[in-house]
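Visitor:
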Amino acid sequence: MIFGETGTSNHALMSMRLPEGSTYVGSQIWGAIGFTLPAYFGSLLADPKRRQILFIGDGSFQVTAQEFSTILRHRQNPIIFVINNDGYTIERYIMGMKADYNDIASWKYSRLHEVMAKDSQIITAEVRTQKDLKEALKKAEEAKEGILIEVHLHPEDAPKALKKFGPTVAEFNFGERGPSQEVPD
């Protein structure tokens with residue numbers, strides 16, 4: 467079971483082919499962020515033996531971060547990828563790359579378990595390179611108590627679908643008076 471948070475994660479995952487028997491959960495229809503972390507927790511409780519993976523952006527994670535603490539308190543074994551791109555990348559493509567609204571507080575996601583559940587056995591990893599990713603995926607395969615993988619990306623790094631989606635939404639929402647779009651390739 468794969469959960470993809472609204473925004474960068476969902477736009478990337480929607481184009482992937484999943485193995486037969488996989489289930490994908492997303493919340494794109496309203497564009498509301500913060501849905502998948504609590505939904506993921508509910509799914510972990512409902513079916514703890516099923517392998518479940520969450521992909522969530524840093525901004526969305528911050529909206530409902532307390533649920534990470536609850537997941538750890540209930541001794542669940544999550545596999546969570548936090549896409550740390552320093553803010554709301556989807557909004558950068560809608561409202562403009564430099565809009566202050568898109569910036570969020572910088573958190574050290576790979577250390578949150580230390581303050582949210584100090585006795586947690588969850589392991590963490592940080593990814594900045596392909597080599598880091600390979601090592602993190604190996605850790606995820608071996609993890610008995612769950613893993614949180616913090617994936618560092620540039621704020622303008624986005625799937626092609628998202629790069630097309632942003633300006634289209636801006637045009638629909640604002641027309642000619644909308645935010646100017648300087649969309650990188």
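Numbering (the numbering used here) for the sequence shown: 467 to 651. Where is the CB? At the ideal position from N, CA and C, for every residue including glycine.
Find the nearest neighbour of Y567 within the set R541, E557, W573 and Y575, judged by alpha-carbon distance.
Guide: Looking up residue 567 in the sequence shown gives position 101. When only C-alpha atoms are compared, the closest one is E557.
Visitor: Using 8 Å for Cβ pairs, my map puts S576 next to E616. What's the rounded Cβ distance?
Guide: Residue mapping note: residue 576 aligns to position 110 of the sequence shown, counting from 1. Residue mapping note: residue 616 aligns to position 150 of the sequence shown, counting from 1. Sure, about 4 Å apart at Cβ, within 8 Å.
Visitor: Would you mind sorting I499 into buried or exposed? The rule is 16 or more other CB atoms within 10 Å of its CB.
Guide: The count along the sequence shown starts at 1 and reaches residue 499 at position 33. That one is buried.
Visitor: Where does the unbroken beta strand (DSSP E) through G508 begin, and where does it stop?
Guide: Within the sequence shown, the letter at position 42 stands for residue 508. It is not in any beta strand (DSSP E) - G508 instead sits in the alpha helix (DSSP H) that spans T502 to A512.
Visitor: Going by DSSP, what residues sit across from V593 in a beta bridge?
Guide: Position 127 of the sequence shown, counted from the start, is the residue given in the question as residue 593. For V593, which the question treats as bridged, DSSP gives the partners V617.
Visitor: Taking all protein chains shown into account, decide if F638 is buried (16 or more other Cβ within 10 angstroms of its Cβ) or exposed.
Guide: Taking the sequence shown and counting its residues from 1, the one referred to as residue 638 is at position 172. Exposed, because fewer than 16 other Cβ atoms sit within 10 Å of the Cβ of F638.
Visitor: Out of F469, A636, Q587 and T474, state which residue places its alpha-carbon closest to the alpha-carbon of H618.
Guide: Working through the sequence shown from its first residue, we reach residue 618 at position 152. Nearest of F469, A636, Q587 and T474 to H618, Cα basis: T474.
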